[in-house]
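**Q** My questions all concern the structure below.
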Amino acid sequence: MNDGFMDSLIEQNPDAMIFADTEGTIRVWNVAAERIFGFTKEQAIGSNLDIIVPQNLRKAHWRGYEQAMQRGDTKYVGKSLPTKSLHADGSVIYVELGFSIVLDSAKNVIGALSSARDITTRYKKERETQKRLSELENAQR
């Protein structure tokens, strides 16, 4: 399969596809990432992942990212996790994030590939439902 085919797979994926190198510099950013995070491909590529990581989560994010790059593994590989992220307009969004370590043909870590799906609406509805249930339980006491 040629590079054009692989590019098409990434570009046409309905989920955001983001590849960052071992330093956390964004190298791949598809159309879905533009839609979800609000940054154009031109704005994102070459930028640090901090553009989508909320300030209060950055220390933990970078600690985990650096460990994953050093070890070539992480407990999050193969899992989809809900997390907060940043939109280009500064608002907080919620995404379901999948994460994998990318190796070259010599098995050296070259970065991380993430897929993200916007779950903001679902997350807010679930929070509202939980709040209502809690209020009902408190009212019955």
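At position 17 of the sequence shown (counting the first as 1) the number is 17 in UniProt numbering, and the numbers step up by one without a gap.
We put the CB at the ideal spot given by N, CA and C, even for glycine.
1) Take residue 142 as the anchor and find which of D104, R27 and G72 has the nearest alpha-carbon.
2) Answer with buried or exposed for S105, where buried requires no fewer than 16 other C-beta atoms within 10 angstroms of its C-beta.
3) Rounding to the nearest angstrom, what Cα-Cα distance links I101 and G72 in this structure?
4) When the Cβ atoms of the stretch 88 to 95 are set against those of the stretch 62 to 69, are three or more pairs found closer than 8 Å?
5) Short of 7 Å in beta carbon distance, which residues of its chain neighbour E11, apart from the five on each side in sequence? Order them along the chain.
6) On the premise that E96 lies in contact with I119, defined as a C-beta separation below 8 Å, what is that separation, rounded to the nearest angstrom?
7) Taking the alpha-carbon of A116 as reference, which of M6, P14, F5 and D3 has the nearest alpha-carbon?
**A** Concretely, from the data shown:
1) This structure cannot settle anything about residue 142, because the visible part of the chain is limited to 1 through 141.
2) The count along the sequence shown starts at 1 and reaches residue 105 at position 105. Label assigned to S105: exposed.
3) For this step, residue 101 is matched to residue 101 along the sequence shown. For this step, residue 72 is matched to residue 72 along the sequence shown. Taking the straight line joining both Cα atoms gives about 6 Å.
4) no
5) In the sequence shown, residue 11 corresponds to position 11, counting from 1. Sequence-distant Cβ neighbours of E11 in its own chain, meaning closer than 7 Å and more than five residues away, are N30 and V31.
6) Your numbering for residue 119 matches position 119 in the sequence shown. Your numbering for residue 96 matches position 96 in the sequence shown. Correct: roughly 5 Å between the Cβ atoms.
7) The sequence position of residue 116 within the sequence shown is 116, counting from 1. Of the listed residues, the one whose Cα sits closest to A116 is P14.
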